[in-house]
Amino acid sequence: MPTCENCGSFVTAEYVRVFAPEEMDSPRVCPSCEDKVRDGGDVREARATRH
């Protein structure tokens, strides 16, 4: 079962296929992450926390 490398939340295999680099089995961030966001191909700190 794939999980987010940042927060540990469950993600689907489809989410991993779309949002994780091909050589990775887990995404670096997911929609549940409050402190990080995807910015194009990079991951950055969130400017504001999300709830």
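Take the sequence shown: its position 43, counted from the start at 1, is 42 in numbering that gives the first Met the number 0, and no numbers get skipped. No residue lacks a Cβ here, since even glycine has one placed at the ideal position from N, Cα and C. Owing to the predicted nature of the structure, the values given are computational and were not obtained by experimental measurement.
- Within its own chain, the residues whose Cβ lies closer than 8 Å to the Cβ of Thr-2, once the five positions on either side in sequence are excluded, are Ser-8, Phe-9, Val-10, Ser-25, listed in chain order.
- Judged by DSSP in its simplified three-state form, Val-36 adopts strand.
- In the DSSP assignment, Glu-44 forms a beta bridge with Lys-35.
- Nearest C-alpha to Glu-4 among Lys-35, Arg-46, Val-17: Lys-35.
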